[in-house]
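Working notes, beginning with the structure itself.
There are 2 protein chains.
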Amino acid sequence: MKAQVTVTLREGILDPQGKAVEHALKSLGFDSVSSVRVGKSIEVELNGLSPEEAGKQVDEMCRKLLSNPVTENFSVKLAEPAGE
Amino acid sequence: MKAQVTVTLREGILDPQGKAVEHALKSLGFDSVSSVRVGKSIEVELNGLSPEEAGKQVDEMCRKLLSNPVTENFSVKLAEPAGE
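These protein sequence lines map, in sequence, to chains A and V. Going by numbering that gives the first Met the number 0, the first sequence opens with residue 0, and the numbers climb by one from there. Going by numbering that gives the first Met the number 0, the second sequence opens with residue 0, and the numbers climb by one from there.
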């Protein structure tokens, strides 16, 4: 079972990396860009768990390690690998 | 118009950050984790473009700046903001 975790900065938290990318895109001529936010995408592969259990565990992983709940939000998407 | 870009390392490319997260998760007791890969999630906000044009521009941004085509793959998802 695969879980796709996306960790993004909360609204209102400054994102200097996003700002840098935004300026770089504009200087490359992409003038229609109005904002860029950079986050993390984490793919976790889990063995021998039911979808419910996997969801619960990944949620706990996000709270304990993968995200900083003060400054970041996270979302989890579970995907059964093909053929299982 | 919002575009969600996910940049991931290609298969076969070593991911030391993912390995470190995997070990950290295991040492926290998440024994069912078998592999972790860490990538980037980039949210780009664009103004005044049709969906087709936005898709094309974001694709070009990924090739020129957001990803390294030698070591990384990217995927783009376009999302019209509510009410437009």
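Glycine residues also receive a C-beta, built at the ideal position from the N, C-alpha and C atoms. Here the structure is a predicted model, which is why all the values come from computation and not from measurement.
- At a beta-carbon threshold of 7 Å, the residues of chain A lying near Lys39 (chain V) are Val37, Lys39 and Ser40, ordered along the chain.
- The beta-bridge partner set that DSSP reports for Val75 (chain A) consists of A:Val4.
- Residue contact check for Leu48 (chain A) against chain V: a CB pair falls below 8 Å.
- Beta-bridge annotation (DSSP): Leu45 (chain A) is paired with V:Val32.
- Counted as a single uninterrupted DSSP element, the stretch harbouring Glu10 (chain A) is not any alpha helix (DSSP H), since DSSP gives it neither H nor E.
- For the region 6 to 22 of chain V, the set of residues with a beta-carbon nearer than 9 Å to any beta-carbon of chain A comprises Val6, Thr7, Gly17, Val20 and Glu21, in chain order.
- Under the three-state reduction of DSSP output, Val37 (chain A) falls in the strand class.
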